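Data block below; observations after.
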Amino acid sequence: MRRFLILTCAVLAVAGSAWAVNPDEQLADPGLEARAHSLSKDLRCVVCQNQSIDDSDAALARDLRIILRERISAGDTDEQAVAYLVARYGSFVQLQPPVRLDTLALWFGPLAVLLVGGLGAMIYIRSRAPSRAEPLSADEEAEVETLLKTDKAG
Amino acid sequence: MRRLIFILPVVLFAAVLIGFFAGLGRDPALLPSTMIGKPVPEFSLPSVRPGDQGFATADLGGEPMLINFYASWCAACRIEHPLLMRLRAEGVLLHGVDWKDQPQAGYQWLQDRGDPYVRVGSDVSGRTGIDMGVSAVPETFVIDKQGRVRYRHVGAVTPQLWDETLRPLMDKLRSES
Chain U
0 MRRFLILTCA
10 VLAVAGSAWA
20 VNPDEQLADP
30 GLEARAHSLS
40 KDLRCVVCQN
50 QSIDDSDAAL
60 ARDLRIILRE
70 RISAGDTDEQ
80 AVAYLVARYG
90 SFVQLQPPVR
100 LDTLALWFGP
110 LAVLLVGGLG
120 AMIYIRSRAP
130 SRAEPLSADE
140 EAEVETLLKT
150 DKAG
Chain Z
0 MRRLIFILPV
10 VLFAAVLIGF
20 FAGLGRDPAL
30 LPSTMIGKPV
40 PEFSLPSVRP
50 GDQGFATADL
60 GGEPMLINFY
70 ASWCAACRIE
80 HPLLMRLRAE
90 GVLLHGVDWK
100 DQPQAGYQWL
110 QDRGDPYVRV
120 GSDVSGRTGI
130 DMGVSAVPET
140 FVIDKQGRVR
150 YRHVGAVTPQ
160 LWDETLRPLM
170 DKLRSES
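Here the protein sequences line up with chains U and Z, keeping their order.
Mapping of the first sequence onto numbering that gives the first Met the number 0: position 60 corresponds to residue 59, and the numbering continues sequentially without gaps.
Mapping of the second sequence onto numbering that gives the first Met the number 0: position 39 corresponds to residue 38, and the numbering continues sequentially without gaps.
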């Protein structure tokens, strides 16, 4: 049993680092390959849309990985290499969309809902809180005094 | 005013619900094209037909035309093929690109089913398609007289799409200077 557990853990540990990049796609230079690898993790596969091109086995994802590596080998910066693909497939391919005018709702919508909701809740709670008690007038004080006395007497 | 505070969240919730419900019916594969209004990227492809003239950017422009991306391995291409044959018979200027496919297989496809294309290029690497943002075949682009992309359709062209969208658009482009 124990041996089985160790084996399972070992297998899972290896499986965790698996990705779809084939050895023949990888660049010889480990530095460039690392850049390509980290960039491709943030690029969406347009065929299987919730996978990155790094994870996807789709033929088009493979093509895009190779194009990304070509651009990087040709001396593109990370931004230029990503822009090359964005020019063709739109910013939809960026798994982390850039902050732009048309993505403001996406980025700050939840925060706006929280603020509006919080404001609403605050107004509501304020309105339900008991209002501060008015101080008693001299007449009332006297009445309280009598009441307390009679109560004690009774 | 006070009542508004209580009604507003309900109205907002209803609006969000309607928005999400409408979104359910949308096909997530239909991505907006980045190419609309831009000239077709430079390309030059050998022909799928042995010994025939290839297909290149120089063939574009002059008249409105269609570029249809197909492949012999593509199932939906079988569905739209009869319509493409009809368009060719009607004299529509239709070019083809055999995308990510061996030219022999693409040629065999045309032999077996009929050849609707004026020019048909072989894009084995898929790069010409990728430059135009093709994500899957079939895809069809409407090109204007200046060689710019004016419309992109993802998936099989249906008779309805042709009658209601593509033909009116091509007529309009024909009347442009």
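We put the beta carbon where it would ideally sit given N, CA and C, even for glycine.
These numbers were taken from a predicted model, which means no experiment stands behind them.
Query, Result
"Does residue 68 of chain U get closer than 9 Å to chain Z when you measure Cβ to Cβ?", "no"
"Which runs of the alpha helix (DSSP H) fall wholly inside the region 9–43 of chain Z and span at least 4 residues, in chain order?", "none"
"By the 7 Å beta-carbon criterion, what residues does the region 102–115 of chain Z contribute toward chain U?", "none"
"What would DSSP say about residue 72 of chain Z, mapped onto helix, strand or coil?", "coil"
"Is the separation between the beta-carbon of residue 169 of chain Z and that of residue 141 of chain Z shorter than 9 Å?", "yes"
"Using beta carbons (cut-off 9 Å, strictly below), is residue 87 of chain U in contact with chain Z?", "yes"
"Do you know how far the Cα of residue 130 of chain U is from the Cα of residue 102 of chain U?", "44 Å"
"Measure the alpha-carbon distance for residue 178 of chain U versus residue 22 of chain U and round it to whole angstroms.", "Coverage of chain U is limited to positions 0 through 153, which leaves residue 178 of chain U absent and any answer about it impossible."
"Using 8 Å as the cut-off, can you tell me whether the region 88–105 of chain Z makes contact with the region 39–50 of chain Z, which would need three or more C-beta pairs spanning the two stretches below that distance?", "yes"
"How would you list, in chain order, the residues of chain U whose beta-carbon sits under 8 Å from the beta-carbon of residue 30 of chain Z?", "45, 88, 89 and 91"
"Chain Z beta carbons: is any one of them nearer than 9 Å to that of residue 58 of chain U?", "yes"
"Does the Cβ of residue 143 of chain Z have 16 or more other Cβ atoms within 10 Å, making it buried, or fewer, making it exposed?", "buried"
"Taking 7 Å as the limit between beta carbons, can you name the residues of its chain near residue 53 of chain Z, skipping five residues before and five after?", "43, 44, 45, 46 and 120"
"Quick one: what's residue 150 of chain Z bridged to in DSSP?", "Z:141"
"Interface residues of chain U around residue 97 of chain Z at Cβ under 7 Å?", "Going along chain U, no residue has its Cβ under 7 Å from residue 97 of chain Z, so there is no contact; the nearest lies around 15 Å."
"Suppose only complete runs of 4+ residues qualify. What are the alpha helix (DSSP H) ranges in the region 44–82 of chain U, listed by chain order?", "58–72"
"In angstroms with no decimal places, state the Cα-to-Cα distance between residue 10 of chain Z and residue 4 of chain U.", "55 Å"
"Please report the Cβ distance between residue 35 of chain Z and residue 126 of chain Z, rounded to the nearest whole angstrom; I am assuming they are in contact, meaning their Cβ atoms lie under 8 Å.", "About 20 Å; that fails the 8 Å criterion."
"If I'm right that residue 93 of chain Z touches residue 115 of chain Z with Cβ under 8 Å, what's the distance once you round it to whole angstroms?", "6 Å"
"Buried or exposed: residue 76 of chain U, going by 16 or more other Cβ atoms within 10 Å of its Cβ?", "exposed"
"Give the interface partners of residue 135 of chain Z over in chain U, defined as CB-CB distance under 7 Å, in chain order.", "46"
"Taking 9 Å as the cut-off, decide whether the C-beta atoms of residue 156 of chain Z and residue 89 of chain Z are in contact.", "no"
"Please classify residue 123 of chain U as buried or exposed, where buried requires at least 16 other C-beta atoms within 10 Å of its C-beta.", "exposed"
"Can you tell me whether residue 139 of chain Z is buried or exposed? The criterion is at least 16 other CB atoms within 10 Å of its CB, across all chains shown.", "buried"
"For residue 117 of chain Z, which residues from the same chain have a beta carbon less than 7 Å from its beta carbon, with the 5 sequence-adjacent residues on both sides left out?", "92, 93 and 94"
"I'd like to know whether the C-beta atoms of residue 64 of chain U and residue 39 of chain U end up nearer to each other than 9 Å.", "yes"
"Could you give the residue range of the beta strand (DSSP E) that holds residue 98 of chain Z?", "93–98"
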